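Numbering (the numbering used here), first residue to last: 4 to 293. Below: one structure, written as structure tokens.
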């Protein structure tokens with residue numbers, strides 16, 4: 004397996020210069036830097052090329068995550084909103100290709116976070132979502148991009164909350180470049196058993212986010228990491244495992260993720276780096292890779 008980390012561990016904004024994190028993650032022992040796809044869309048060509056070159060120079064794999072804004076909801080009952088969302092996701096994939104990124108995960112199938120102030124029709128949203136993702140998958144094939152369908156907890160989304168729903172969805176989409184993305188934080192809320200859910204997902208698993216139930220780095224909570232590692236072995240998973248901790252308050256990231264208290268202990272950047280490197284060793288040991 005290859006291991007990575009999401010840039011927002013250090014940041015309070017989704018729209019930042021990702022370049023400085025390429026070398027940092029390599030020095031901390033990671034293979035992958037995950038960036039925000041929304042932060043790529045408006046970058047000029049030369050910035051996207053520069054990011055790609057830096058990643059190649061440091062032998063770092065770039066991946067992307069996205070929570071589509073409500074105005075780009077590809078599962079909407081409003082056909083205009085759906086078309087706008089599909090057009091926007093195509094722009095995202097154009098930028099990803101320029102930056103050398105071959106996969107994007109998150110709510111590529113709907114929007115985030117869900118607005119529960121209005122009623123919703125889940126079966127209709129699912130139908131529209133599948134139609135949209137089929138079109139996006141066809142567009143993505145020219146770039147060899149994989150769309151990763153992430154299950155989210157009930158407080159953030161309604162369409163896909165657990166592995167069973169995600170596998171059913173991906174089977175119905177029936178495109179080779181559409182896979183399931185699981186996240187231990189969300190699974191801790193929704194799954195009866197995290198390891199069993201991983202085994203259930205099996206070959207459909209295309210990407211895994213890891214973090215504690217308290218959103219800290221792995222090893223600073225109560226997740227059953229050895230059981231998770233065994234489940235990954237059971238399904239012969241050798242893909243990407245990306246840490247997605249959120250420990251800082253403030254800014255758009257803190258607001259969107261609902262981090263209302265400092266989980267870092269007022270840590271400096273150096274302390275954050277050290278905890279991340281220690282967590283990587285912890286995970287590899289728990290997964291039997293050290």
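Don't be surprised by glycine CBs; every beta carbon is placed ideally from N, CA and C. In this text the structure is predicted, and so the values were computed from the model without any measurement.
Among the options, which has the Cα closest to the Cα of residue i?
i: residue 250; options: 236, 231, 203 and 270; result: 270
i: residue 184; options: 110, 13 and 60; result: 110
i: residue 35; options: 268, 51 and 6; result: 6
i: residue 64; options: 8, 173, 278 and 43; result: 8
i: residue 147; options: 177, 99 and 163; result: 99
i: residue 171; options: 47, 25 and 205; result: 205
i: residue 66; options: 90, 37, 81 and 87; result: 37
i: residue 82; options: 135, 239, 71 and 47; result: 135
i: residue 252; options: 284, 15 and 152; result: 15
i: residue 137; options: 22, 89 and 104; result: 89
i: residue 285; options: 274, 168, 226 and 236; result: 226
i: residue 93; options: 168, 152 and 145; result: 145
i: residue 177; options: 161, 149, 194 and 192; result: 149
i: residue 221; options: 196, 124 and 278; result: 278
i: residue 191; options: 212, 142 and 4; result: 212
i: residue 202; options: 210, 218, 224 and 233; result: 233
i: residue 295; options: 10, 162 and 112; result: As displayed, the chain neither begins before 4 nor continues past 293, which places residue 295 out of reach and without an answer.
i: residue 123; options: 289, 162 and 102; result: 162
i: residue 151; options: 160, 107, 80 and 51; result: 107
i: residue 237; options: 113, 243 and 198; result: 198
Buried or exposed: where does residue i fall if 16 or more other Cβ atoms within 10 Å of its Cβ makes it buried?
i: residue 45; result: exposed
i: residue 49; result: exposed
i: residue 39; result: buried
i: residue 228; result: buried
i: residue 180; result: buried
i: residue 20; result: exposed
i: residue 272; result: exposed
i: residue 165; result: buried
i: residue 174; result: exposed
i: residue 291; result: exposed
i: residue 120; result: exposed
i: residue 187; result: buried
i: residue 182; result: buried
i: residue 210; result: buried
i: residue 268; result: exposed
Below 7 Å CB to CB, which residues in the same chain sit around residue i once its five sequence neighbours on both sides are set aside?
i: residue 189; result: 154, 155 and 156
i: residue 84; result: 74 and 76
i: residue 207; result: 170, 173, 182 and 183
What are the residues that DSSP puts in a beta bridge with residue i?
i: residue 7; result: 35 and 245
i: residue 197; result: Its beta-bridge partners do not exist; DSSP assigns none.
i: residue 230; result: Paired residues: none, contrary to the question.
i: residue 110; result: 70
i: residue 76; result: Answer is none; residue 76 lacks a bridge partner.
i: residue 150; result: 107 and 181
i: residue 210; result: 184
Apart from the five residues on each side of it in sequence, which residues of its chain come closer than 6 Å, Cβ to Cβ, to residue i?
i: residue 18; result: 42
i: residue 61; result: 25, 26 and 29
i: residue 104; result: 65 and 67
i: residue 91; result: 75
i: residue 70; result: 109, 110 and 115
i: residue 293; result: 287
Whose C-beta lies closer than 8 Å to the C-beta of residue i among residues of the same chain, with five residues either side of it excluded?
i: residue 59; result: 103
i: residue 141; result: 178
(request) Examine the Cβ distances between the stretch 240-250 and the stretch 258-265 and report whether three or more of them are shorter than 8 Å. (result) yes
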